[in-house]
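Chains as they are written, first to last, in my numbering: chain A, 1 to 115; chain B, 1 to 113. Just so you know, even glycine gets a beta-carbon here, dropped at the ideal spot from N, CA and C. Source: prediction; values computed, not measured.
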Amino acid sequence: DSGVTQTPKHLITATGQRVTLRCSPRSGDLSVYWYQQSLDQGLQFLIQYYNGEERAKGNILERFSAQQFPDLHSELNLSSLELGDSALYFCASSVTSGGNTGELFFGEGSRLTVL
Amino acid sequence: GENVEQHPSTLSVQEGDSAVIKCTYSDSASNYFPWYKQELGKGPQLIIDIRSNVGEKKDQRIAVTLNKTAKHFSLHITETQPEDSAVYFCAARGSGGYQKVTFGTGTKLQVIP
Numbered sequence: 001d002s003g004v005t006q007t008p009k010h011l012i013t014a015t016g017q018r019v020t021l022r023c024s025p026r027s028g029d030l031s032v033y034w035y036q037q038s039l040d041q042g043l044q045f046l047i048q049y050y051n052g053e054e055r056a057k058g059n060i061l062e063r064f065s066a067q068q069f070p071d072l073h074s075e076l077n078l079s080s081l082e083l084g085d086s087a088l089y090f091c092a093s094s095v096t097s098g099g100n101t102g103e104l105f106f107g108e109g110s111r112l113t114v115l
Numbered sequence: 001g002e003n004v005e006q007h008p009s010t011l012s013v014q015e016g017d018s019a020v021i022k023c024t025y026s027d028s029a030s031n032y033f034p035w036y037k038q039e040l041g042k043g044p045q046l047i048i049d050i051r052s053n054v055g056e057k058k059d060q061r062i063a064v065t066l067n068k069t070a071k072h073f074s075l076h077i078t079e080t081q082p083e084d085s086a087v088y089f090c091a092a093r094g095s096g097g098y099q100k101v102t103f104g105t106g107t108k109l110q111v112i113p
């Protein structure tokens, strides 16, 4: 158990809909990262937050947004969903000291299926 | 930005044999290279990492080597066991504040009993 909790574990929805994925980081970790894993693809970095502030952005679509709340949990919002958004979405957390990312602790992921 | 390439995409070995996975990176400023193992239905988990001031690191049956000049690094697993079967990801992180960790595309390792 990594200590990172993601909900829901599975989600099935239709094209055009909007969903929210939730992540609770390990106790004490201030950084949260979101990654997308599609079939036969690696882990695509989406976005990173540190103590409530956005710190780095990757290949995140404009239809996607995220935030980190004062209690450090994070939410990834996916809107106007398309079939190609079907993927496994991972959240990870880490202890970030001086901006240097150490070990990432991953949750078990949220599997999104868009029909 | 950083680009990490990983080979092979799939690898089958007999139990007891060695497995080698190779990665190259593009950003010469990258200074941290972790390896993650992802078992079926789970999130990736760090198994070993190496920093740019070290050429080799070993932890029991797992070793990682780094060639900064050539910008490539490798994972070596000796005496493979069925429980080593998983997807392995290499990654690289640049220097400076809040640098993202860029992952390779993964290697599916199958250890045949």
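Endpoints, the beta strand (DSSP E) within which residue i is located
{"i": "I47(B)", "result": "45-51"}
{"i": "Q99(B)", "result": "Q99(B) -> no beta strand (DSSP E), and no H or E assigned at all."}
{"i": "A29(B)", "result": "Note, A29(B): premise wrong, no beta strand (DSSP E); not H, not E."}
{"i": "Q44(A)", "result": "43-50"}
{"i": "F69(A)", "result": "Segment: none, F69(A) is in no beta strand (DSSP E) and carries neither H nor E."}
{"i": "R55(A)", "result": "53-57"}
{"i": "I77(B)", "result": "72-77"}
{"i": "V54(B)", "result": "No beta strand (DSSP E) contains V54(B), which DSSP labels as neither H nor E."}
{"i": "S94(A)", "result": "87-94"}
{"i": "Q36(A)", "result": "31-37"}
{"i": "Q81(B)", "result": "Counting along the chain, Q81(B) falls outside any beta strand (DSSP E), and DSSP gives it neither H nor E."}
Burial state of residue i, where buried means 16 or more other Cβ atoms lie within 10 Å
{"i": "I112(B)", "result": "exposed"}
{"i": "D1(A)", "result": "exposed"}
{"i": "S30(B)", "result": "buried"}
{"i": "P8(A)", "result": "exposed"}
{"i": "F105(A)", "result": "buried"}
{"i": "P70(A)", "result": "exposed"}
{"i": "L40(B)", "result": "exposed"}
{"i": "K58(B)", "result": "exposed"}
{"i": "V4(A)", "result": "buried"}
{"i": "R51(B)", "result": "exposed"}
{"i": "K57(A)", "result": "exposed"}
{"i": "G94(B)", "result": "buried"}
{"i": "D17(B)", "result": "exposed"}
Contact list for residue i against chain C, beta-carbon separation under 9 Å
{"i": "E108(A)", "result": "Annotation note: the requested chain C is absent from the structure, which comprises protein chains A and B."}
Cβ-Cβ separation, residue j to residue i (assumed contact under 8 Å), whole Å
{"i": "S94(A)", "j": "G102(A)", "result": "6 Å"}
{"i": "I62(B)", "j": "A19(B)", "result": "10 Å between Cβ atoms; not a contact."}
{"i": "T105(B)", "j": "L11(B)", "result": "About 13 Å separates the two Cβ atoms, so there is no contact after all."}
{"i": "T53(B)", "j": "S26(B)", "result": "The identity of residue 53(B) in the sequence shown is Asn, whereas the question assumes Thr. Wrong, their Cβ atoms sit about 20 Å apart, outside the cutoff."}
{"i": "F64(A)", "j": "L83(A)", "result": "Actually they are not in contact, since the Cβ atoms of F64(A) and L83(A) sit about 15 Å apart, beyond 8 Å."}
Bridge partners - residue i, DSSP secondary structure assignment
{"i": "D59(B)", "result": "I62(B)"}
{"i": "I12(A)", "result": "T113(A)"}
{"i": "L109(B)", "result": "L11(B), A86(B)"}
{"i": "L21(A)", "result": "L76(A)"}
{"i": "E39(B)", "result": "According to DSSP, which records beta bridges pairwise, E39(B) is partnered with nothing at all."}
{"i": "I21(B)", "result": "L75(B)"}
*On the three-pair Cβ rule with 8 Å, is the segment 9-17 of chain A touching the segment 55-72 of chain B?*
no
*Does the pairing of the segment 1-9 of chain B with the segment 19-32 of chain A give three or more beta-carbon distances under 8 Å?*
no
*On the three-pair Cβ rule with 8 Å, is the segment 81-93 of chain A touching the segment 33-44 of chain A?*
yes
*Should the segment 49-64 of chain A be called in touch with the segment 33-48 of chain B, which here means at least 3 C-beta pairs below 8 Å?*
no
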